[in-house]
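For reference, the structure is listed below as structure tokens.
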Amino acid sequence: IIGRRSFGKGLVQREMALGDGSAVRLTIARYYTPTGRSIQRPYENGNEAYYNDYEKRYRNGEMRSADSIEVADSLRFITPKGNVVYGGGGITPDVFVPKDTSVENETLQMVARSSFMNYFIFEYLERNREKFANMTFREFSKNYQVEDALSEEFIIYSRLSEARIDLSDYMLSLKKVIKANIAQQLYGPNAFEFILNEGDPMLRRVFELERQYR
783 IIGRRSFGKG
793 LVQREMALGD
803 GSAVRLTIAR
813 YYTPTGRSIQ
823 RPYENGNEAY
833 YNDYEKRYRN
843 GEMRSADSIE
853 VADSLRFITP
863 KGNVVYGGGG
873 ITPDVFVPKD
883 TSVENETLQM
893 VARSSFMNYF
903 IFEYLERNRE
913 KFANMTFREF
923 SKNYQVEDAL
933 SEEFIIYSRL
943 SEARIDLSDY
953 MLSLKKVIKA
963 NIAQQLYGPN
973 AFEFILNEGD
983 PMLRRVFELE
993 RQYR
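Numbering (the working numbering), first residue to last: 783 to 996.
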């Protein structure tokens, strides 16, 4: 398992509708790993602690360093192959990949899924749709390059939007975000993720290990 500790949602719930339009979610089962570890993170300390757990992990540095992952020794398990693992709070990966918490990455992740980016790309495609009319996604992914002029146009647009973000220092990364959004409107959400995740550190680590153990 490669990445960062999972969220820890290990309950199976069934929703029961009530007469007033509200609903009750009843827990009917729990997820366990094959060795008997519970995936569900604890919720004995109340709703506030439960819902703030992910933010706490972020503040404690768990997203940046494997050494910051908090585990309960009382939930220590030994797998059949002799590995030490822990229950009660998601799945801890065998190979840790830190999260990119730089201002550039956080800003562009927000911009990539923003409504003003979506509208900008829609307007761009309305003017330039014939350019992509006979282009397959494979051809688009391999050959299409976002022009400097389009990136600069979006930088000006984003400054004037409600977000008022200055992206002029992120030109290279911004081009990938623009390309991903064009792909989404032309070829669908899977195309968006494909373009956006090209060069992703976690995927690179997966491929490195695949070559190592092939």
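No residue lacks a Cβ here, since even glycine has one placed at the ideal position from N, Cα and C.
Who pairs with residue i in a beta bridge, going by DSSP?
i	result
glycine 828	The partner list for glycine 828 (beta bridge, DSSP) is empty, contrary to what the question assumes.
leucine 808	Arg796
glycine 785	Phe878
tyrosine 814	Ser820
How about residue i: is its C-beta nearer than 9 Å to some C-beta of chain B?
i	result
glycine 970	Of the chains in the structure shown, none is chain B; there is only one protein chain.
With residue i as the anchor, note down where its beta strand (DSSP E) starts and where it stops.
i	result
glutamine 994	It is not in any beta strand (DSSP E) - glutamine 994 instead sits in the alpha helix (DSSP H) that spans 983 to 995.
phenylalanine 859	858 to 860
Could you give the first and the last residue of the continuous alpha helix (DSSP H) run that contains residue i?
i	result
glutamine 822	Run containing glutamine 822: none; DSSP gives neither H nor E here.
leucine 968	953 to 969
Identify, in the order they occur along the chain, each residue of the same chain with its Cβ nearer than 6 Å to the Cβ of residue i, setting aside the five sequence neighbours on each side.
i	result
isoleucine 810	Val794 and Arg796
alanine 799	Ala805
leucine 949	Ile937, Ser940 and Leu956
alanine 894	Val959
Could you pull out every residue in the same chain whose Cβ sits closer than 7 Å to the Cβ of residue i, ignoring the five residues on either side in sequence?
i	result
arginine 987	Ile784, Val877 and Val879
tyrosine 939	Phe902
leucine 890	Tyr952, Ser955, Leu956 and Val959
glycine 872	Arg787, Ser788, Phe789, Gly790, Ile821 and Arg823
With burial defined as no fewer than 16 other Cβ atoms inside 10 Å of the residue's Cβ, what is the status of residue i: buried or exposed?
i	result
valine 866	exposed
tyrosine 833	exposed
leucine 991	exposed
leucine 942	exposed
tyrosine 825	exposed
Practice prompt. For the segment 871 to 947, list the alpha helix (DSSP H) runs that are entirely contained and at least 4 residues long, ordered along the chain.
Written response: 885 to 894, 897 to 910, 919 to 925 and 930 to 942
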